[in-house]
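Asker: Pasting in a structure now, in structure tokens, and then I'll have a few things to ask.
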Amino acid sequence: MGGPDRSKAVKYIQQLDQAQCGGDWEAVPNLVRKIRKHAPARACLTLAANATHAVQQAIRHQPSTGTNPEITSLVQYVPPLIGAIDAEHDHPEDVFQAQVALGWVHWALGEPELAALRLPKDIEGDFSLLDGTSKQATGWTRTCALKAIYIKGVALEKSRSLGDAIEVFESGMPIVSATASELKKASELRKWTELLLTKFCLITSQSIKSNASPRMEAETLVAFRAWADFWERLASSSTAAVGGYATEADVPRRLIWKEYYATLSFIVQGDLPYPSTALGATSNNHGMRIIQRGELARVEARYESLLLKEAHFPKAEQSSEEIEELVELVLGNWAVLCGGCWDEHDLGSGGRVGISRSVLEILYRAATKTFHSTQILRGLFTVHLALADFELAFKAFDTYFEIVNKGKQRVQKTGEPEHALDSNEDVLVTASKCIRALCQFGGVSGAEKAKKLAHFFESWLEQHDPSHSQEELTNGDANGVTIGNKKLLDSGSAAETSTVSPRVYAHAWRAIGISNAQWARLTPDAKSRPEYQTKAITNLRTALKPEYGCTDDVDTLFALALVLSERRQIGEAIQIVGAALAPQRNVDKASNPAKYVRERSLIRLWHLLALLLSAKDQFTEASHACEGAFKQFGDLKALFGEGEGDYQSEHLNGMQEKHSAAIDDMDDYEKEAIIEVKMSQLLLIEIQDGPDVAVNGTEELLSLYSRLFGQTQIPFAVPRKSQQIPPTTGTSTLRSVKGSIFGRSKRSNRDASGATTFASSTAENVSTPSRPPTSHTTASAAPKIQVTGESGAPAKLTRRSQHPSTKSNKGDKLAHKLSHASIRNRSVATSKAASNPASDGEISPTNVVDSTSQQAREAPPRPNGQGTKSLNSYSLLPFSSPATRLPPSKSRRHHIGILVRVWLLIAGFYRRAEQYEDAKVSIEAASELVEGLEEDVLRDETGQLLVDAREWGVGKSVEELWADVCAERGQVSLAESWPFVALSHFEAALTHFPDHPAAIVGLSNILLDISSEVLVYPPSIPTIATPPSSSASANPTSHKPSTHTSTTSTPLGLPPPPSQDPAPPTTKLSLFDRLAARDRAHGLLDRLTKLGGGWNDSEAWFGLARAYEDARMEGKAKEALWWCVQLEEARGVRGWEAVGGGIA
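Once you know that position 786 of the sequence shown is 819 in my numbering, the rest is easy, because the numbers rise by one and skip nothing.
Here is the structure:
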């Protein structure tokens, strides 16, 4: 036998290092023996290797129960290791390995405190001496360093020293980074790296939840990012598993991804500073948000993939808690990312729609691993609703409602709670949201479904809401609340009922009130309307009870004020609006990360205030209220963005840096509220200064539309401005969009020969047309009878003064009052409105406007969310639901419908200014829009769009828009004193939409004039005078009224055809024809006044009273006239629906 061989010693020491790093423990004893032979001086190294091998063998044979004698025998290695460590002075790596081996022995013996004591005090410092720039430590030494850090960190965690444990784990990150390239070939290094990172991630995740701080967030993400990098290296290895459990780990790998995702979600939902790099640098700018969103998406995908792969479908009595936890995190993140806290460009490719669609995919995949999860169904309803997938959204709710109903019945029957079943609070919140969505988007069918749902939950609340008296509770059904043959929510225990938040009760009562108010507007049963209005007021006042803590809820106050307005309680409604607009004290504007949330919610209240003040003939204050809707944002650049009000050339606008504006964060319905305010503002200008002045603001109205909604893809021309110089009275200082928003517009006389086109290409850079076309330069083509738009508050017929009727003086006076109030222009005495003080118990409208305007002048700071620790939301959902945003196709149709209303309003201004050719040009622009919209609907391949049915969330149907256009054409013909041309247009409107209010009123007035012989048919042979040839009045068979009369046998309301032989002139129609005209007018008006579109139309009631009077039914005529007077006294410059009746 030979003696020690130095070369062999080096070789065996190297092989020992490789065997330990590779986990080849069977080879260790033989290598230790050879090293002892050829390198007897390395006793510390060989002893450490023997001890490590013994621990490894003992752990491998550890029984599931009982003690292991191999573990207890490890104590024999403690004294030799201590002695060897003290004796070794020449090989520091041997000492380091022996210290770690000694610590591991104590760890295996169940002595963590002793294990931490035996390890090096400064592991990272000692290791840096062994692995520096001038030399490199062996692979096993690096593994021992990671093992030592793991043992010491876990020992400190067990002794409840979390801070010290985190510092120890953090000190190992440089070693983890340095050894990353060796993971594939060193199994022990991979094992201890994974164990260290696993424990580091869990500890830091636990710590951030209990004590969040920017430093903790950075440290936590450092751990998780190191884990993600490690996992990617594992995934790239063909032999390593990426799921399941790690070696000697007590948690699955997916749990680390879960905690990683939960930590990122905690940062997103709490609006905490985002550590953008592994070094912990933080930033909140938009570039970092894109990075943050990308990291969140990657981690979400990894965790979901592992979870769905490893989760099993539960049995019927089981729940999938981890799946539902994932769903909760996903929905919470979606609510923040898509809810307004983040800008669209922060979200990367796809924006809000892309994120919402990906959330839906996650929800549907999660549903495959759950059994009737009410939480997933709730999420599907909410996300589909936000995407305007109304059919899928309400199907999800119906399924949700049915499952919850059956589950509550099972709980009631068995007495055993079902943990996966939604609580009463969740059900109330979801139902409230559904009711409001049905009212806002669903039309009559949606309102009817909302009414039934609201009735059910109202019954439940009356029995379970603690704010109701015991008497109310005992009056309920002792057997529980039922809907049809269903029962729901009755199984909740008293404890569960008491856990419902007071704010949830308030929001439930608000939804019920909104439902009753909406059904009162739309119900065909006129007798039940007051009952539903009264119930709505009661419900909404209940929602405002102090014990609920929602006395200043804007949505509730708006809904209540709107119902009171419809009931003609103007003073009380003004009080409610004043309370809603009052400045809030002790409100941190920066606490809500979304932009101008309160100001945006108040736009409709400002508009409602303006209409209420106009109903009291306080037009100056009403105009100030319209301005207040814009002034509340402070600097108008905050609302419209930089440079939007300067009307610069396109290339200069393009050179400026674009800044985010409040309107860029608004949904379509908020933008529509702004355009409605502007339309009302122009009508108020018309009342005070005349239609000629209002005409001058129409270009600005179109410019505002272009800024809000962008390009329409349909070019159109702007009719000329009024040639009249605006008056210099005090009321003429009222401003329109460019005046109150962008800067005052200059009004000047126009050259009649000038012309220009307001093209839709100016959508991005709003500019005013320099020379709009005049009636002399714009040729109007002969139109088809096509329609779009709103009547725009048509003027009363001037022919009544030219052809006085035989009605009584009282009737003439009322007719004059109604005619004056329907236009309210030229002769309004604003001094009278200004001199009327508020009555006792009322809030002065002037004080309301002045106090809120003072608040608006203080521009609120742009919130940045810095340092905010939690989501701030008045929503009662577990997460704040983003607003419903229409998809591009629906949004375009919605925008066109709004633009049709704008053009028809402009046509009304021109008509009342007696600029009839320009009015016809405006009507033709609306007609082209509706024609394009009709083609779009007819091209739909799904078959879901119909020209005669309203599309959910879009507004009027195509046929209703055609009826609007025809009705406005009829009004223009009446203003031109062509009543029989108007009659044909009104008839055309009713062929498109039989219940069109303006068309029915216009047609009925003509029929009643015919019945009372105020109007007579023209002679069969046309006179030389013919109507002007235009798109709106080209009708070869229609003529001006003449003093000559003729008999006719043609259908009532139509002139004789040209081919008919001339009939001799006559002075009156046959009695049969006149009675037929009167009866038809009575039938049309009687039906209209019972429907939602005309029950509060004073002109319809006046026409009905006239029909009653002609029929010698004095009693009914008096009732109709008295109702007409009441409606007229509380009538605003526009109908209450202009502020958004169902959008409450």
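Don't be surprised by glycine CBs; every beta carbon is placed ideally from N, CA and C.
This structure is a prediction, so every number in the text was calculated from the model and none was measured.
#1: Would you say Val-111 reaches chain D, if we count a Cβ-Cβ gap shorter than 8 Å as a contact?
#2: Give the range of the alpha helix (DSSP H) segment to which Met-699 is assigned.
#3: When we look at the beta-carbon of Phe-346 and count the other beta-carbons within 10 Å, is it buried (16 or more) or exposed?
#4: Between the alpha carbons of Phe-652 and Ala-615, how many angstroms are there, rounded?
#5: Taking 8 Å as the cut-off, decide whether the C-beta atoms of Asp-588 and Arg-543 are in contact.
#6: Do you know how far the Cα of Val-369 is from the Cα of Ala-916?
#7: Using only CA atoms, which one of Arg-326, Pro-285, Ile-323 and Ala-1133 lies nearest to Lys-342?
#8: Excluding the five sequence neighbours on either side, which residues of its own chain have a C-beta within less than 7 Å of the C-beta of Met-206, listed in chain order?
#9: Excluding the five sequence neighbours on either side, which residues of its own chain have a C-beta within less than 7 Å of the C-beta of Asn-83, listed in chain order?
#10: Could you check if Lys-67 is buried or exposed, using at least 16 other CB atoms within 10 Å of its CB as the buried criterion?
#11: How many whole angstroms separate the CB atoms of Leu-1041 and Ala-1140, which I take to be in contact at a CB cut-off of 8 Å?
#12: Apart from the five residues on each side of it in sequence, which residues of its chain come closer than 7 Å, Cβ to Cβ, to Ser-924?
#13: Can you tell me whether Cys-472 is buried or exposed, with buried defined as 16 or more other CB within 10 angstroms of its CB?
#14: Could you pull out every residue in the same chain whose Cβ sits closer than 7 Å to the Cβ of Ala-52, ignoring the five residues on either side in sequence?
#15: Among Ser-960, Lys-217, Gln-130 and Gly-976, which residue has its Cα nearest to the Cα of Asp-50?
#16: Taking Trp-985 as part of the alpha helix (DSSP H), name the residues at either end of that continuous run.
#17: Just list the residues that DSSP pairs Tyr-538 with in beta bridges.
#18: Does the structure place the stretch 951-958 close enough to the stretch 922-938 that three or more beta carbon pairs sit under 8 Å?
#19: Near Leu-593, which residues of its chain fall below 6 Å by C-beta distance, leaving aside the five closest residues on each side in sequence?
#20: Run through DSSP, which three-state label would Tyr-629 get?
#21: Taking 8 Å as the cut-off, decide whether the C-beta atoms of Thr-532 and Glu-654 are in contact.
#22: Buried or exposed, going by whether 16 or more other CB atoms sit within 10 Å of the CB of Leu-163?
#23: Could you give the DSSP three-state label for Tyr-307: helix, strand or coil?
#24: If you follow the alpha helix (DSSP H) that Gly-158 is part of, which residue opens it and which one closes it?
#25: Please identify the residue among Val-275, Glu-394 and Ala-181 whose C-alpha is closest to the C-alpha of Arg-335.
#26: Leaving out the 5 sequence neighbours to the left and right, which residues in its chain are closer than 7 Å to Ser-294 when beta-carbon positions are compared?
#27: Note down, in chain order, each residue of its chain lying with its Cβ closer than 8 Å to the Cβ of Leu-717, except the 5 sequence neighbours on either side.
#28: Consult DSSP for Tyr-738 and reduce its assignment to one of helix, strand or coil.
#29: Name the DSSP bridge partner or partners of Pro-285?
#30: Applying the 10 Å Cβ sphere with the 16-neighbour rule, what's the burial state of Pro-1089?
#31: Spatial neighbours of Thr-507 within its chain, please: CB distance less than 7 Å, with the 5 preceding and 5 following residues excluded, ordered by chain position.
#32: Pick helix, strand or coil for Phe-414, following the three-state DSSP scheme.
#33: Thinking C-alpha only, which one of Val-209, Val-970, Gln-948 and Thr-447 is nearest Gln-1004?
#34: I'd like to know if the stretch 321-330 and the stretch 419-434 are in contact, where contact means that at least 3 CB-CB pairs between them fall below 8 Å.
#35: Please report how far the alpha carbon of Gly-55 lies from the alpha carbon of Leu-195, in whole angstroms.
#36: Using the Cβ count rule (16 or more neighbours within 10 Å means buried), how would you classify His-94?
Answerer: Let's see:
#1: The displayed structure is made up of one protein chain only, and chain D is not part of it.
#2: As a first step, residue 699 is located in the sequence shown; it is residue number 666 there, counting from the start. Segment: none, Met-699 is in no alpha helix (DSSP H) and carries neither H nor E.
#3: In the sequence shown, residue 346 corresponds to position 313, counting from 1. Phe-346 is exposed by the Cβ-count criterion.
#4: For the purposes of this step, residue 652 is taken as residue 619 along the sequence shown, with counting starting at 1. For the purposes of this step, residue 615 is taken as residue 582 along the sequence shown, with counting starting at 1. One C-alpha to the other measures close to 21 Å.
#5: Sequence index remark: in the sequence shown, residue 588 carries index 555 (1-based). Sequence index remark: in the sequence shown, residue 543 carries index 510 (1-based). Their beta carbons are under 8 Å apart, which means Asp-588 touches Arg-543 by this criterion.
#6: Numbered from its first residue, the sequence shown carries residue 916 at position 883. Numbered from its first residue, the sequence shown carries residue 369 at position 336. About 11 Å.
#7: For this step, residue 342 is matched to residue 309 along the sequence shown. When only C-alpha atoms are compared, the closest one is Pro-285.
#8: Locating residue 206 in the sequence shown gives position 173, where the first residue counts as 1. Closer than 7 Å at Cβ, skipping near neighbours: Val-255 and Ala-259.
#9: Within the sequence shown, numbered from 1, the residue matching residue 83 stands at position 50. Around Asn-83: Val-65.
#10: Start at 1 with the first residue of the sequence shown, and residue 67 comes out as number 34. Classification for Lys-67: buried.
#11: Against the sequence shown, residue 1041 aligns to sequence position 1008. Against the sequence shown, residue 1140 aligns to sequence position 1107. Contact holds; Cβ gap of about 6 Å.
#12: Working through the sequence shown from its first residue, we reach residue 924 at position 891. The residues are Asp-701.
#13: Residue mapping note: residue 472 aligns to position 439 of the sequence shown, counting from 1. Buried, because 16 or more other Cβ atoms sit within 10 Å of the Cβ of Cys-472.
#14: Stepping through the sequence shown from its first residue, residue 52 is reached at position 19. Closer than 7 Å at the Cβ level, and outside the excluded window around Ala-52, lie Ala-60, Val-61 and Leu-64.
#15: Translated into positions along the sequence shown, residue 50 becomes position 17. For Asp-50, the nearest C-alpha among the options comes from Gln-130.
#16: For the purposes of this step, residue 985 is taken as the residue at position 952 of the sequence shown. Premise fails: Trp-985 is in no alpha helix (DSSP H) and is neither H nor E.
#17: In the sequence shown, residue 538 corresponds to position 505, counting from 1. Tyr-538 pairs with nothing; no bridge assigned.
#18: yes
#19: The count along the sequence shown starts at 1 and reaches residue 593 at position 560. So the qualifying residues of the chain are Leu-573 and Ile-609.
#20: Your numbering for residue 629 matches position 596 in the sequence shown. Note: Tyr-629 maps to coil in three-state DSSP.
#21: Within the sequence shown, residue 532 is the residue found at index 499, counting from 1. Within the sequence shown, residue 654 is the residue found at index 621, counting from 1. No. Outside cutoff.
#22: The count along the sequence shown starts at 1 and reaches residue 163 at position 130. Classification for Leu-163: buried.
#23: Here residue 307 is taken as the residue at index 274 of the sequence shown, counted from 1. Residue state, collapsed to three classes: strand.
#24: Looking up residue 158 in the sequence shown gives position 125. From DSSP, the alpha helix (DSSP H) with Gly-158 extends over 156-163.
#25: By 1-based counting over the sequence shown, the position of residue 335 is 302. For the residues Val-275, Glu-394 and Ala-181, the minimum Cα distance to Arg-335 belongs to Val-275.
#26: The sequence position of residue 294 within the sequence shown is 261, counting from 1. In the sequence on display, residue 294 carries Tyr and not Ser. Excluding residues within five positions, the ones whose Cβ falls inside 7 Å are Val-332, Glu-333, Tyr-336 and Leu-362.
#27: Here residue 717 refers to the residue found at position 684 of the sequence shown. Ala-643, Ser-647, Phe-652, Ala-655, Ser-656, Cys-659, Leu-767 and Val-1166.
#28: Stepping through the sequence shown from its first residue, residue 738 is reached at position 705. Correct three-state label for Tyr-738: helix.
#29: As a first step, residue 285 must be located in the sequence shown, where it is residue number 252. DSSP output for Pro-285 lists Tyr-278 as bridge partner(s).
#30: Mapped onto the sequence shown, residue 1089 falls at position 1056. Low local confidence applies: a pLDDT of 48 at Pro-1089 is under 50, so the model's placement there is unreliable, with the coordinate-based value given in what follows. Burial call: buried.
#31: By 1-based counting over the sequence shown, the position of residue 507 is 474. Any reading at Thr-507 must be qualified, since the residue scores a pLDDT of 43, below 50, and its modelled position is unreliable; no value is offered.
#32: The residue you call residue 414 lines up with position 381 of the sequence shown. Three-state result, Phe-414: helix.
#33: Sequence index remark: in the sequence shown, residue 1004 carries index 971 (1-based). Cα-wise, what sits closest to Gln-1004 is Gln-948.
#34: no
#35: For the purposes of this step, residue 55 is taken as residue 22 along the sequence shown, with counting starting at 1. For the purposes of this step, residue 195 is taken as residue 162 along the sequence shown, with counting starting at 1. Roughly 32 Å separates the two Cα atoms.
#36: Numbered from its first residue, the sequence shown carries residue 94 at position 61. When all chains shown are included, His-94 counts as exposed.
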